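**Q** Chains as they are written, first to last, in the working numbering: chain A, 506 to 696; chain B, 506 to 696. Ideal placement from N, C-alpha and C gives every residue a C-beta, glycine not left out. Computed from a prediction, not measured in an experiment: that's the story for all the values here. To start, I am sharing the structure in question, which I have written as structure tokens.
Protein chains: 2
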Amino acid sequence: MGKKGDTNRQKIVEAADRLFYRRGYNQTSFQDISDETGIPRGNFYYYFKTKDEILDAVIESRLNELVSWLEHCDTVTDDPREKLLLFTDILNNNEQDILQQGCPIGTLSSELAKDSTFLQEKSGQAFILFRDWAKAQFDALGIADSVSLAMDLLARMQGVTVLACAFKDQSFIRRSHQELRDWIVSKTMTG
Amino acid sequence: MGKKGDTNRQKIVEAADRLFYRRGYNQTSFQDISDETGIPRGNFYYYFKTKDEILDAVIESRLNELVSWLEHCDTVTDDPREKLLLFTDILNNNEQDILQQGCPIGTLSSELAKDSTFLQEKSGQAFILFRDWAKAQFDALGIADSVSLAMDLLARMQGVTVLACAFKDQSFIRRSHQELRDWIVSKTMTG
DNA sequence: GTCTATATGTAGATAGAC
DNA sequence: GTCTATCTACATATAGAC
């Protein structure tokens, strides 16, 4: 693949990523992506055979970003508890996006649950990455039921985003963020 | 309105209700509703001017059902704690639907967050009804921070449905159901 | 009130010139 | 590799016969 080709492909994926989050997958048309990138619709088919393939590339890209983020967390601190707290900070760091569109992983998964089974499973990989990473932190602290705790943490985060977005309630995000931090501290108390 | 007219209108709303839940609002076509009801597409416009009006009627219908359900709960028991526990039982009573499509309120709200602002707000009325009802139960028990507790309860329920649906994990629903019951009992302990 | 035929727009996808 | 023109299918919506 040449450099220019990669750039155009990248531009399509990046625009699609944003649009799929803001408007949903089904509600985003090729025209929308074309308008955003300036690349004509017909050109998309040089890189992707179908719209699903664009989504596939978007999911792949999100998974890569997620892996990078998790790796980054591992360099910031060695304390597993601190790592878990960093995870909850996602709520604060993405407050506006969450209020307007919800969680990119959760909303995509919910949307795909209604039509595609294969791509829903693939988008769910992001949840699996988060869960296993969180589980690893609980394990590192020698805490029992680490998988359950990891699932509970993910579920709480999801619940907060869904409600915050439905109510457009910023203060609910902030309060919940603090409560999740307290919850993590209480669960990781070793003594 | 004549009887026959009401019946057809009702049939449209009921079919749309089911289809909007199973396939999403945007992914459901007039043809789908026509196939399900046997009523020709063109007839829809006798009752509804636009597709949005059908959605509006569906939301209205869901709100009415919800009010009936809340009123029903109030007749089952006088104990506010028991009422809150009945609320969590929704998870058990709708296990299969939740695993496959998630929460009808939550997924619709998330979907509408991406295109309609007005109808999202309207669909959010269901959350408000649940919240205020739950708040009333905490109030009746003389518990402080009743609004926050009600929001937390709703958020937890949502989080469980999103994760359970993403992972297709039945046991997670059941475990979470029990944990939510324990949480309610602990929060409503008076003494 | 009901239903058919059709208008009108736009979706995803293709063919082929450059 | 890039872009234009176009195809086919299907969406919502309308007009008007019955």
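In whole angstroms, give me the CA-to-CA distance for A:H682 and B:E558.
**A** Approximately 37 Å, taken between the alpha carbons.
**Q** Can you find the residues in the same chain that come closer than 6 Å, C-beta to C-beta, to B:W638, ignoring five residues on each side of it along the sequence?
**A** L575
**Q** By the 8 Å beta-carbon criterion, what residues does the stretch 636-665 of chain B contribute toward chain A?
**A** S653, M656, D657, L659, A660, R661, M662, Q663, G664 and V665
**Q** Between the Cα of A:S615 and the Cα atoms of B:A671, B:D657, B:F535 and B:N598, which residue gives the shortest distance?
**A** B:A671
**Q** Looking at chain A, is there any beta carbon in it that lies within less than 9 Å of the beta carbon of B:N531?
**A** yes
**Q** Just the C-alpha distance for B:K627 and A:D594, rounded to the nearest angstrom, thanks.
**A** 30 Å
**Q** What separation, rounded to the nearest whole angstrom, lies between the Cα atoms of A:Q642 and A:L654?
**A** 10 Å
**Q** Alpha carbon to alpha carbon, how far is B:Q606 from B:R527? Give it in angstroms, no decimals.
**A** 6 Å
**Q** Please classify B:R567 as buried or exposed, where buried requires at least 16 other C-beta atoms within 10 Å of its C-beta.
**A** buried
**Q** Checking contacts by CB at 9 Å: is B:K619 closer than that to chain A?
**A** yes
**Q** What is the DSSP secondary structure of B:I595, counted as helix, strand or coil?
**A** helix
**Q** If B:L624 sits next to B:R686, beta carbons under 8 Å apart, how far is it from one beta carbon to the other, in whole angstroms?
**A** B:L624 to B:R686, Cβ: 33 Å. No contact.
**Q** The alpha helix (DSSP H) spanning A:G611 covers which residue range?
**A** P609 to A618
**Q** I want to verify the contact list: residues of chain B whose CB lies under 7 Å from the CB of A:V690, in sequence order.
**A** Under the 7 Å cutoff, chain B gives no residues; its nearest Cβ is about 17 Å from A:V690.
**Q** Tell me, please, whether the CB atom of B:T555 is closer than 9 Å to any CB atom in chain A?
**A** Contact of B:T555 with chain A is not assigned, every C-beta pair being separated by 9 Å or more.
**Q** What residue from A:Y530, A:Q601 and A:T512 has the CA that sits closest to A:D674's CA?
**A** A:Q601
**Q** Please classify A:M656 as buried or exposed, where buried requires at least 16 other C-beta atoms within 10 Å of its C-beta.
**A** By the Cβ neighbour-count rule, A:M656 is buried, with 16 or more other Cβ atoms within 10 Å of its own.
**Q** Checking 9 Å against the spacing of the C-beta atoms, do B:A618 and A:T612 come in under that value?
**A** yes
**Q** Counting only the same chain and skipping the five closest in sequence on each side, list residues whose C-beta sits under 6 Å from that of A:D537.
**A** L524
**Q** Label A:S651 either buried or exposed according to how many other C-beta atoms from any shown protein chain fall within 10 Å of its C-beta, with 16 as the threshold for buried.
**A** buried
**Q** When you compare only the Cα positions, how much space is there between A:L646 and A:E587?
**A** 11 Å
**Q** Whose C-alpha, out of B:F535, B:I648 and B:K692, is nearest the C-alpha of B:L560?
**A** B:F535
**Q** Which chain B residues sit within Cβ distance under 8 Å of A:C670?
**A** S614, S615 and A618
**Q** With a floor of 4 residues, list each alpha helix (DSSP H) that falls wholly inside the stretch 611-680 of chain A, ordered by position along the chain.
**A** 623-628, 630-645 and 651-672
**Q** Would you report the Cα separation of A:D644 and B:T555, rounded to the nearest angstrom?
**A** 54 Å
**Q** My guess is that A:V665 and B:A660 are in contact by the Cβ rule of under 8 Å, so how many angstroms apart are they, rounded?
**A** 5 Å
**Q** Going along chain B in order, which residues have a C-beta closer than 9 Å to the C-beta of A:S681?
**A** M656, D657 and A660
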